[in-house]
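So the protein sequences, as listed, match chains A, B and C.
Just so we're aligned, residue 1 is where the first sequence starts under the working numbering, counting upward by one.
Just so we're aligned, residue 1 is where the second sequence starts under the working numbering, counting upward by one.
Just so we're aligned, residue 1 is where the third sequence starts under the working numbering, counting upward by one.
Heads up, the thing below is written out as structure tokens.
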Amino acid sequence: MMKQNLLLYWGKKALVFLVSVMVLSVAVFYISRLAPGDPLMSYYGERTEKMSVEEKEAAREKLGLNDPIHVQYVRWLQNALKGDFGISYKYKQDVTEVIGSRIGNTLILGGIGFVLTFLGALGLGILCAWHEDKWPDQLLCKGGTLLSCIPEFWLSLVMILVFSVTLQWLPSSGAYDVGHKHDILNRAEHLILPLTVVVLEHLWYYAYMIRNKLLEETRADYVLLGKAKGLSKKKILLGHCLRNSLPSYISLMAISVPHVLGGTYIVEKVFSYPGIGTLSFESAQYHDYNLLMVLCMLTGIVVILGNLIGGIINERIDPRIKAAEVTETSEVTWD
Amino acid sequence: MPETLLDVEHLSHVFRLSKHAHIRAVDDVSFQLHRGEILGLVGESGSGKSTVARCLMNIYQPTAGVIRYQGVNILDRREFARNRKMLETRRQIIFQDSASSLNQRMKVADIIAEPMHIHHIKPPRGSLREEAAYQLKYVGMDASYLDQYPSELSGGQRQRVAIARALSMEPELLVADEPIASLDVSIQAQIVNLFKHCNQEHGFSILFIAHDLAMVEFLCHRVGVMYRGRMVELAPTAELFGDPRHAYTKALLSAIPYPDPVIQKNRPRVDFEELEFDREGAFTEVTPGHFVLQEDRR
Amino acid sequence: MEEILNIKNLSVNIHAPGGTVHAVRDVSFELYPGEVLAIVGESGCGKSMLCKAIMKLLPKSAKVEGGQIFANGVDITHYSQKDMEKLRGKLFSYVFQDPMTALNPTIPIGKQIGEAVLVHEPKLPKAQVYERVIELMELVGIQRPRERYHLYPYNFSGGMRQRSVMAIALASNPRILLADEPTTALDVTIQAQILDLLKKIQVQLGTATILVSHDLGVVASAADRVAIMYAGKIVEIGTAEEVYYDPRHPYTWGLMQSLPALNKGNAELKTIPGMPPTLVEPPVGDAFACRNQYALEIDYHQQPPMFRISDTHYAATWLLDPRAPKITPPIGGKRNA
Numbered sequence: 001m002m003k004q005n006l007l008l009y010w011g012k013k014a015l016v017f018l019v020s021v022m023v024l025s026v027a028v029f030y031i032s033r034l035a036p037g038d039p040l041m042s043y044y045g046e047r048t049e050k051m052s053v054e055e056k057e058a059a060r061e062k063l064g065l066n067d068p069i070h071v072q073y074v075r076w077l078q079n080a081l082k083g084d085f086g087i088s089y090k091y092k093q094d095v096t097e098v099i100g101s102r103i104g105n106t107l108i109l110g111g112i113g114f115v116l117t118f119l120g121a122l123g124l125g126i127l128c129a130w131h132e133d134k135w136p137d138q139l140l141c142k143g144g145t146l147l148s149c150i151p152e153f154w155l156s157l158v159m160i161l162v163f164s165v166t167l168q169w170l171p172s173s174g175a176y177d178v179g180h181k182h183d184i185l186n187r188a189e190h191l192i193l194p195l196t197v198v199v200l201e202h203l204w205y206y207a208y209m210i211r212n213k214l215l216e217e218t219r220a221d222y223v224l225l226g227k228a229k230g231l232s233k234k235k236i237l238l239g240h241c242l243r244n245s246l247p248s249y250i251s252l253m254a255i256s257v258p259h260v261l262g263g264t265y266i267v268e269k270v271f272s273y274p275g276i277g278t279l280s281f282e283s284a285q286y287h288d289y290n291l292l293m294v295l296c297m298l299t300g301i302v303v304i305l306g307n308l309i310g311g312i313i314n315e316r317i318d319p320r321i322k323a324a325e326v327t328e329t330s331e332v333t334w335d
Numbered sequence: 001m002p003e004t005l006l007d008v009e010h011l012s013h014v015f016r017l018s019k020h021a022h023i024r025a026v027d028d029v030s031f032q033l034h035r036g037e038i039l040g041l042v043g044e045s046g047s048g049k050s051t052v053a054r055c056l057m058n059i060y061q062p063t064a065g066v067i068r069y070q071g072v073n074i075l076d077r078r079e080f081a082r083n084r085k086m087l088e089t090r091r092q093i094i095f096q097d098s099a100s101s102l103n104q105r106m107k108v109a110d111i112i113a114e115p116m117h118i119h120h121i122k123p124p125r126g127s128l129r130e131e132a133a134y135q136l137k138y139v140g141m142d143a144s145y146l147d148q149y150p151s152e153l154s155g156g157q158r159q160r161v162a163i164a165r166a167l168s169m170e171p172e173l174l175v176a177d178e179p180i181a182s183l184d185v186s187i188q189a190q191i192v193n194l195f196k197h198c199n200q201e202h203g204f205s206i207l208f209i210a211h212d213l214a215m216v217e218f219l220c221h222r223v224g225v226m227y228r229g230r231m232v233e234l235a236p237t238a239e240l241f242g243d244p245r246h247a248y249t250k251a252l253l254s255a256i257p258y259p260d261p262v263i264q265k266n267r268p269r270v271d272f273e274e275l276e277f278d279r280e281g282a283f284t285e286v287t288p289g290h291f292v293l294q295e296d297r298r
Numbered sequence: 001m002e003e004i005l006n007i008k009n010l011s012v013n014i015h016a017p018g019g020t021v022h023a024v025r026d027v028s029f030e031l032y033p034g035e036v037l038a039i040v041g042e043s044g045c046g047k048s049m050l051c052k053a054i055m056k057l058l059p060k061s062a063k064v065e066g067g068q069i070f071a072n073g074v075d076i077t078h079y080s081q082k083d084m085e086k087l088r089g090k091l092f093s094y095v096f097q098d099p100m101t102a103l104n105p106t107i108p109i110g111k112q113i114g115e116a117v118l119v120h121e122p123k124l125p126k127a128q129v130y131e132r133v134i135e136l137m138e139l140v141g142i143q144r145p146r147e148r149y150h151l152y153p154y155n156f157s158g159g160m161r162q163r164s165v166m167a168i169a170l171a172s173n174p175r176i177l178l179a180d181e182p183t184t185a186l187d188v189t190i191q192a193q194i195l196d197l198l199k200k201i202q203v204q205l206g207t208a209t210i211l212v213s214h215d216l217g218v219v220a221s222a223a224d225r226v227a228i229m230y231a232g233k234i235v236e237i238g239t240a241e242e243v244y245y246d247p248r249h250p251y252t253w254g255l256m257q258s259l260p261a262l263n264k265g266n267a268e269l270k271t272i273p274g275m276p277p278t279l280v281e282p283p284v285g286d287a288f289a290c291r292n293q294y295a296l297e298i299d300y301h302q303q304p305p306m307f308r309i310s311d312t313h314y315a316a317t318w319l320l321d322p323r324a325p326k327i328t329p330p331i332g333g334k335r336n337a
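Written as structure tokens, this is what we have:
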């Protein structure tokens, strides 16, 4: 491809990204303000109830809540572009600071969860494809379907009940015990249960995907040729079929980042795990507009990026797509 | 001199693959099809023979050239619109893959009657169903197949249904695009006989596109050979097979395997190198009715 | 000569939802070193299944349910897939009908051939594998192999891909090559080149070949011996000369008669009426009886055995029984020229 085209290609992708983010910000801004409830509650807490009508009015004025929504949006946008996302009403801190203190926890939970899901699903998928229709495959297919039908919050509660309450092996909430902020072992202990739920919930779906993709590949003619030339089952499945399935699996995983992330949020809430998920929940509950806005944007950007990257991987990684155009002998003239 | 049914002049069709690549699928092709004749069109895959067929049927709008059907310029929008009904009923096409060209969810009777229904033609034999039964009988199948679905038929039977559907419009021109390519040898013979019958008994003119040269030799009155989008030779069948002039035609004919072990194993084969091909030559009449693409000796 | 492959009463059944298809029924033949045996028949006659059964490449639904396969005198009928891996590529190789899908689209051609070289010589150093691949590509007539080593299948035309598939098949010097309609998907001129290549390989390497085809022209150009298959059975087998010039089975007559090359000057092609039977419930007697104008009463009740015509020529038709009425074959008896 020529340089100019490359520029055009990436320019288009960037434009899609920017427009999506803009639309998202407008939507979130309007919807959050249209939701019933009083944002003063989050800023002043209990005090709001004791405030007079004039005091409330003054407070609203101060927070800029009386202006029409579009004026508020433009003001927010101007500040945001300068890097000022406002303060959190509830925490009385810069939004970025509040998020900064939490995001690490979510990245650890979501990131490890994602990697484990990705690798685990790959392994299970291969295992099932290898033993197609034999008992390990049957068992995993049926058990997995059952498992992914269980809602996340319910599974979380059961886990807490069994491992924390009854057996008392693992802590039921938080990211670490008081005073153990830098104790890796303590943190790991707190991670086990939420991580298990995140992985268990998503593992099967992707394992099933890779299993089916692999089995579809094993029906291809080149597999028969591979067998005919004496390749072992292992070489055919891993060297040929897996190789051909991986591109679509990777792009699927890129697209599914938000899916796994969404699951993390719910799990965080149930385990009171101090991450972005619980924060988002609180910010919506307390009408903490500035915080909610940034959290929604953050999540949205991850979703949009995931989709974009998935699409790009899909287009590029498979030589068949690049190639479709020309074979060696066709009567093609390039101008 | 027989009447010219179809007159193709300097037909070219270019496919754009992308912004920077195009393919000359059909390149300056001229020929005539006379009334009552079977004209064969042969060539390897990608030589442009199917594209020619599609241009003739107004499926593709060619990049350049003129196609006249009984004097009507079918590529001219206005002339086409004026003669639309005549053009859509008198010309019929049959495809190679009848499994996908017949609607799988329609019964045989409805498939055959559909064109009549679309063109609001009053069935000459009473009802649409009777008409379908008549056409089916003509192609050698009895009325018990009327209520079957294409998937219940064999490949040869499906091809017969496709032919029956085309015949229901009482066409003058049948364009058959590789109609026997996916059939078995003994079934191919049955279908080829059917085409021969349509032509001899009812005077249908047929453009028969195939890559099986032996069948073309048996069936067609004249044969055109295409290579890389160009027509390289066009002659009466006996002359083309007996006295091929173009190097590619010679190579092609020598490559047809002859079903006799002794003859076939001792037959010399002529090779044709792609690089020898001069696509810029002129299509010249060397003896009456025998056209050859000749090298440009400027 | 000692036969390299011996098939005895082989039967293959396909278990489909609509019933069991008896795809190959009681087939026996031998293959001798260095010869080309052609198996001719229409689609669905079981010729492909037969080849796949020999190499144990049958789809899951199909099973060998009777008979024996001897390779080099060893009974391999009950070999496991693991055992077969050691034989495939080395004892026998396969060339498929459709070269467009037989190669893995995401791996360069050279590497795919190299893989086949490594299967039976896993410790060969890289440089030697490369040289062997180049040698193989030259053998099958791929020009400028060093440039093309790194190309992907989509860069190749159909003929080139079929040459690549043959290079893969020949990588470990197999003693038997099973070529399943190797030229059907190709243009006539390319077909002729691939047939030349098959002959060259057979002469150069002495590989025994089973050539499966529906095209009597293709078979005439390559085969030493010919087996005609109909409805899952071999109905006639003999040397090419015997089958082409002195065919004995009515089905062989019908096939030959329908060829346009032998119908010059006729108003119509001769055809075989009707269609092959479905093999879910094969007919009791001769499967060809209902399409056979020479059918005898017994054809409807009892399957004909293989009658011996010469040491090399056999046919399964009751017409060869001494008690049968004498019929002048409508074809053969002379060279068609």
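Heads up, the beta-carbon is just placed ideally off N, CA and C, and yes, glycines get one too.
- Of the other Cβ atoms in all chains shown, 16 or more fall within 10 Å of the Cβ of residue 292/C; this residue is therefore buried.
- Contact annotation, residue 255/B with residue 188/C: C-beta distance approximately 5 Å; criterion of less than 8 Å satisfied.
- Residues of chain B with a Cβ closer than 7 Å to the Cβ of residue 187/C are, in chain order, 44, 45, 211.
- Leaving aside the five residues that flank residue 240/C on each side, the residues in its chain whose CB is nearer than 8 Å to its CB run, in chain order, 38, 219, 220, 223, 224, 225, 226.
- Taking the CA atoms as reference points, residue 269/C sits about 55 Å from residue 137/A.
- For residue 178/C, the uninterrupted beta strand (DSSP E) segment begins and ends at 176 to 180.
- At the C-beta level, residue 29/C and residue 237/C come within 9 Å of one another.
- Exposed is the label assigned to residue 97/A, since fewer than 16 other Cβ atoms lie within 10 Å of its Cβ.
- For residue 25/B, same chain residues with a beta-carbon under 6 Å away, outside a window of 5 residues either side, are 13, 15, 48, 51, 229 in chain order.
- Interface criterion met: the Cβ of residue 256/C is under 9 Å from a Cβ in chain B.
- For residue 14/C, the beta-bridge partners assigned by DSSP are 21/C, 62/C.
- Not a single C-beta of chain A is nearer than 9 Å to the C-beta of residue 205/C.
- Contact between residue 61/B and residue 75/B holds, with the beta-carbon distance rounding to 7 Å and staying under 8 Å.
- When CB distances to chain B are screened at a threshold of 7 Å, the residues of the stretch 232 to 249 of chain C falling below it are 240, 241, 244, in chain order.
- Nearest C-alpha to residue 233/C among 286/C, 261/C, 181/C: 286/C.
- Chain A places a beta carbon closer than 9 Å to that of residue 119/C, counting this residue as a contact.
- The beta carbon of residue 296/C sits closer than 6 Å to the beta carbons of 318 from its chain, once the five residues preceding and following it are set aside; these are given in chain order.
- Using a 10 angstroms sphere on the CB of residue 153/A, the tally of other CB atoms stays under 16, which defines it as exposed.
- Collapsing the DSSP output to three states places residue 4/B in a strand.
- Among the CB atoms of chain C, none fall inside 9 Å of the CB of residue 125/A.
- Its Cα nearest to that of residue 281/C, the residue 24/C stands out among 24/C, 294/C, 95/C.
- DSSP places residue 216/B in the uninterrupted alpha helix (DSSP H) bounded by 213 to 219.
- Nearest to residue 231/A by C-alpha distance, out of 150/C, 125/C, 118/C, 164/C, is 118/C.
- The beta-carbon separation of residue 215/C and residue 179/B, rounded to 18 Å, does not stay under the 8 Å limit for a contact.
- As summarised for the stretch 225 to 278 of chain C, the continuous alpha helix (DSSP H) elements at least 4 residues long and confined to that stretch are 240 to 245, 250 to 257, given in chain order.
- With respect to residue 195/A, residue 304/A sits apart: the two C-beta atoms are not nearer than 9 Å.
- The beta-carbon distance between residue 80/C and residue 113/C, rounded to whole angstroms, is 27 Å. This is too long to meet the 8 Å contact definition.
- When DSSP states are grouped into helix, strand and coil, residue 30/C belongs to the strand group.
- Along the length of the stretch 92 to 157 of chain B, whole beta strand (DSSP E) runs at least 3 residues long do not occur.
- Annotation: the continuous beta strand (DSSP E) that includes residue 286/B extends over 282 to 287.
- Residue 266/A: member of the alpha helix (DSSP H) spanning 257 to 270, first to last residue.
- Judged by DSSP secondary structure, residue 138/A falls within the alpha helix (DSSP H) whose first and last residues are 135 to 149.
- For residue 236/B, the uninterrupted beta strand (DSSP E) run begins and ends at 230 to 236, by DSSP.
- For residue 5/C, no chain A residue has a C-beta closer than 7 Å to its own C-beta; the minimum C-beta separation is roughly 16 Å.
- Pairing residue 185/A with residue 214/A gives a Cβ-Cβ distance that is not under 9 Å.
- Interface residue (Cβ-Cβ distance to chain C less than 9 Å): residue 244/A is classified as such.
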